[in-house]
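The structure appears right after this line, and notes come after that.
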Ligand SMILES: C[S@@+](CC[C@H](N)C(=O)[O-])C[C@H]1O[C@@H](n2cnc3c(N)ncnc32)[C@H](O)[C@@H]1O
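Here it is as structure tokens:
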């Protein structure tokens, strides 16, 4: 499901600064949930709509996906979510320690080749950053359709400082603090199982 480049996306995100958060400004936001790799924004926008008392930040490095998300935020008149258009590897080190309410990783790119393992959003170095920025008691929630990425992530997470709360091999999508993503909708339509991990920072 490669996203076709749309030339309108970059000018759109540059014009609609009201829904964007420059990455060097992220610490001005407080008590937010972070979705890393937010794609075209369906999860972000619906979480914001259905949980108006919470604040959400999406982080996305693909300009066209960022453009689609910005458009959804503008057209939905969403005021409790913003988008950071940047690579998580660049932004995470600058986020204040113990400042984030929760992190969502939804259908992250699997990077199946071993030599690309460091790029996986559940690799050791990313996990270390997540642990540092999450508040105590906050959760890291990971959904995927990819069994190999799921088992790789489970193994890494079991050996991490996080506490494993849930390892679900057939997630039904019914958690009230969750929303379906674009990728998830298409995998569910094909009848593929959805795997989910929940980890807690103690
Ligand atoms: C497979 S798509 C899933 C999109 C969406 N979460 C969904 O479930 O529909 C993964 C997304 O993560 C983004 N992404 C991957 N690595 C990233 C990184 N290091 N920083 C920010 N975004 C990233 C990609 O650009 C892509 O849009």
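Numbering (my numbering), first residue to last: 105 to 306. For every residue, glycine included, the Cβ atom is placed at its ideal position computed from N, Cα and C.
Collapsing the DSSP output to three states places residue 258 in a helix. Between residue 146 and residue 286 a beta carbon distance of about 5 Å is seen, short of the 8 Å cut, so the two are scored as contacting. Residue 188 is positioned such that its CB atom lies no closer than 8 Å to that of residue 237. Within the model, the alpha-carbon separation for residue 153 versus residue 191 is close to 25 Å. Counted as a single uninterrupted DSSP element, the stretch harbouring residue 298 is not any alpha helix (DSSP H), since DSSP gives it neither H nor E. Taking residue 136 as reference, the option from 200, 106, 228 and 268 with the minimal CA-CA separation is 200. Nearest neighbour of residue 113 by Cα position, chosen from 303, 272 and 144, turns out to be 144. With a cut-off of 7 Å, the C-beta of residue 191 is classified as near ligand 1, since at least one heavy atom of the ligand falls inside that distance.
For residue 171, the enclosing alpha helix (DSSP H) covers residues 167–179. Leaving aside the five residues that flank residue 267 on each side, the residues in its chain whose CB is nearer than 7 Å to its CB run, in chain order, 303, 304 and 306. DSSP places residue 230 in the helix class (H, G or I) of the three-state scheme. In the structure shown, residue 266 adopts coil according to DSSP, grouped into three states. Under DSSP, residue 244 takes part in a beta bridge, and its partners are 207 and 303.
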